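Novice: Residue numbers (the working numbering): 1042 to 1179.
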Amino acid sequence: MGAMLSRLLLRLSHKPTAGLLVEAALLAVVGFLPISPEPAVLIVAMAMGVQASAITHFSGNAISTVVVTSTLARTADAVLDRLWPGEKKHLPVVTNLRLLFLTWIGYLAGAVAGALLLAVMPYPLLVPVALLALLLFL
C-alpha cells in the first residue's frame, strides 16, 4: 500500500517530496498512537513502502534505500565485475561502487543511531523524521 501511495504521489507531483512527507508523518505518529505492536509494525512497513518507491534512482543509478538484500546483491555484482572484468554485453549495468559504499555507510549509521536512540529516547523515530523534514525543506 505504501509503495502504491508513493507512486501515485510521484505521478501527481513529479517529485519525491510528497511521498517522503507522508513517510515522515507516518513515522512521527506511530509512536504516539495507543496501539499494539502489530499495527505499529504495519504502519512502519507502510512508511518503508512509501520510501522505497519515492527514492529509487540517484544520478541514473538504481539503489534501494530500504532493502538490504538487494543492495547486498548489487554490491556483490559490482565487486565481481571490478575484480574480474569481462564481456559485459549480456550483463546489466551495475550501480557504481561509490554509491553502494555510501548506501552501506548509511545503513550502518542508521543502525548505530537507532540503537543509541532507543537507549535514551522514548520516541526515537522522531529523530529521523526531523532529519527527513530538514532535508526536504533545505
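Yeah, the Cβ is synthetic: ideal placement off N, Cα and C, and Gly gets one too. Note that the coordinates shown come from a computational prediction; the quantities given were computed from them, not determined experimentally.
Taking the alpha helix (DSSP H) that residue 1169 belongs to, which residues open and close that run?
Specialist: Position 128 of the sequence shown holds residue 1169. Here the alpha helix (DSSP H) through residue 1169 covers 1167-1178.
Novice: Assign residue 1082 to one of three DSSP states: helix, strand, or coil.
Specialist: Locating residue 1082 in the sequence shown gives position 41, counting from the first residue. Note: residue 1082 maps to helix in three-state DSSP.
Novice: Nearest to residue 1120 by CA position, among 1157, 1141, 1105 and 1081, is which residue?
Specialist: Mapped onto the sequence shown, residue 1120 falls at position 79. Ranking the options by Cα distance to residue 1120, first place goes to 1141.
Novice: When you compare the CB positions of residue 1043 and residue 1067, do they come within less than 9 Å of one another, or not?
Specialist: Taking the sequence shown and counting its residues from 1, the one referred to as residue 1043 is at position 2. Taking the sequence shown and counting its residues from 1, the one referred to as residue 1067 is at position 26. Yes, these two residues count as a Cβ contact at 9 Å.
Novice: Just verifying my parser: in three-state terms, what is the DSSP assignment at residue 1108?
Specialist: Walking along the sequence shown from the start, residue 1108 turns up at place 67. Looking at residue 1108 - three-state DSSP - the assignment turns out to be coil, as it is neither helix nor strand.
Novice: What is the rounded straight-line gap between the Cα of residue 1085 and the Cα of residue 1124?
Specialist: Here residue 1085 refers to the residue found at position 44 when the sequence shown is read from its first residue. Here residue 1124 refers to the residue found at position 83 when the sequence shown is read from its first residue. Computed Cα separation, rounded: 38 Å.
Novice: From residue 1143 to residue 1081, what does the alpha carbon distance come to, in whole angstroms?
Specialist: Here residue 1143 refers to the residue found at position 102 of the sequence shown. Here residue 1081 refers to the residue found at position 40 of the sequence shown. For residue 1143 and residue 1081, the distance between alpha carbons rounds to 29 Å.
Novice: Assuming residue 1160 and residue 1065 form a contact by the criterion Cβ under 8 Å, report the distance between their Cβ atoms to the nearest whole angstrom.
Specialist: By 1-based counting over the sequence shown, the position of residue 1160 is 119. By 1-based counting over the sequence shown, the position of residue 1065 is 24. That belief does not hold up - the Cβ atoms of residue 1160 and residue 1065 are roughly 23 Å apart, past 8 Å.
Novice: Figure out for me which residue from 1069, 1063 and 1170 has the closest Cα to the Cα of residue 1090.
Specialist: By one-based count along the sequence shown, residue 1090 stands at place 49. Of the candidates 1069, 1063 and 1170, the one whose C-alpha sits nearest the C-alpha of residue 1090 is 1063.
Novice: Considering residue 1061, what are the terminal residues of the alpha helix (DSSP H) in which it resides?
Specialist: The count along the sequence shown starts at 1 and reaches residue 1061 at position 20. Segment 1058-1071, the alpha helix (DSSP H) holding residue 1061.
Novice: Just the Cα atoms here: how many angstroms apart are residue 1051 and residue 1107?
Specialist: Looking up residue 1051 in the sequence shown gives position 10. Looking up residue 1107 in the sequence shown gives position 66. Their backbone Cα atoms lie some 18 Å apart in a straight line.
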